[in-house]
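Asks: First the structure, which I've put down as structure tokens, then a few questions once you've had a look.
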């Protein structure tokens, strides 16, 4: 089912990276879920999935996107301005949510969030709810990108880390060196141990839940490292410690 949404605000993080706030009623949803945006382009509807960045309870949704030069939809979305219309699928869906994680003894004490690029979106929504702070002793977000200007919402996350001792934010970039940021791919940082060192805690099957969202290469390589540490995929029929969502 589709509803017509109206763009009410936009933020440009870099030349191609942008966020849109869209006034639309998508009904109840869980932090971490996604919708689809669609536009009529050259006599056909083109639709793509985008995570909802803001937590439930708002009268709008916010999405983070990057304009891919040869993309079918993202260049058109990049042109949208406040007042423009865009189609939004309802209801939201997706399983990268906290209610998919085990509870009780199987939950562990620490929540790790590993994201690349725009796939940080689900974690932004989750962090803006009360649940992760109530369930976990420590939360670590590792946010990977090529360059620092591709780290959307970085200032917000840095402020959150400053205000909440429970939260550790580790930005990781690969094509430049910046003070206070890791210089590595996420899987490499897991392999070397620098991510755990900077977080001040170790990843283990006993203490950790790890949620991964991003490009398939990051997810594949990170799962290899996590599996070597004794973690296993989280399934409803067989609870584990690794929950994933690929972004393409």
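In UniProt numbering, the protein residues as written are 1 to 248.
Glycine residues also receive a C-beta, built at the ideal position from the N, C-alpha and C atoms.
Keep in mind the model is a prediction, meaning the values are calculated, not measured.
#1: Assuming contact is defined by CB atoms lying nearer than 8 Å, are residue 98 and residue 132 in contact in what I supplied?
#2: Between residue 108 and the rest of its own chain, which residues show a CB-CB distance below 6 Å, the 5 nearest in sequence each way excluded?
#3: Please classify residue 83 as buried or exposed, where buried requires at least 16 neighbouring CB atoms within 10 angstroms.
#4: Give the secondary structure of residue 133 by DSSP, where H, G and I count as helix, E and B as strand, and everything else as coil.
#5: Does DSSP put residue 181 in a helix, in a strand, or in coil?
#6: Return the first residue and the last residue of the alpha helix (DSSP H) that residue 218 is part of.
#7: Could you name the residues of the same chain whose beta carbon sits closer than 8 Å to that of residue 185, not counting the 5 residues immediately before and after it, in chain order?
#8: Per DSSP, residue 5 is paired with what?
#9: Please classify residue 216 as buried or exposed, where buried requires at least 16 other C-beta atoms within 10 Å of its C-beta.
#10: What would DSSP say about residue 68, mapped onto helix, strand or coil?
#11: In or out: residue 44 buried (at least 16 other Cβ within 10 Å) or exposed?
#12: Name the DSSP beta bridge partners of residue 149, please?
#13: Please classify residue 231: does DSSP put it in a helix, a strand, or coil?
#14: Roughly how many angstroms separate the alpha carbons of residue 93 and residue 239, rounded to a whole number?
#15: Less than 6 Å between C-beta atoms, sequence neighbours within five positions excluded: which residues of the same chain meet that for residue 233?
#16: Here's the rule: buried if 16 or more other CB atoms are within 10 angstroms of the residue's CB, otherwise exposed. What is residue 150?
#17: Is the beta carbon of residue 125 less than 8 Å from the beta carbon of residue 52?
#18: For residue 230 and residue 204, which I take to be in contact (beta-carbon distance under 8 Å), what is that distance rounded to the nearest angstrom?
#19: According to the Cβ coordinates, are residue 198 and residue 212 closer than 8 Å?
#20: With DSSP collapsed to three states, give me the class of residue 241.
#21: Please say whether residue 64 and residue 118 have beta carbons closer to each other than 8 Å?
#22: Going by beta carbon distance, what residues of the same chain come within less than 8 Å of residue 160, once the five residues before and after it are set aside?
#23: Would the beta-carbon of residue 31 fall within 8 Å of that of residue 69?
#24: Is residue 17 closer than 8 Å to residue 115 when the C-beta atoms are compared?
Replies: Taking the geometry as given:
#1: yes
#2: 207, 208, 209
#3: exposed
#4: helix
#5: coil
#6: 216 to 228
#7: 144, 172, 174, 218, 221
#8: 86
#9: exposed
#10: coil
#11: exposed
#12: According to DSSP, residue 149 bridges with nothing at all.
#13: coil
#14: 21 Å
#15: 240, 242
#16: buried
#17: yes
#18: 7 Å
#19: no
#20: coil
#21: yes
#22: 127, 167, 169
#23: no
#24: no
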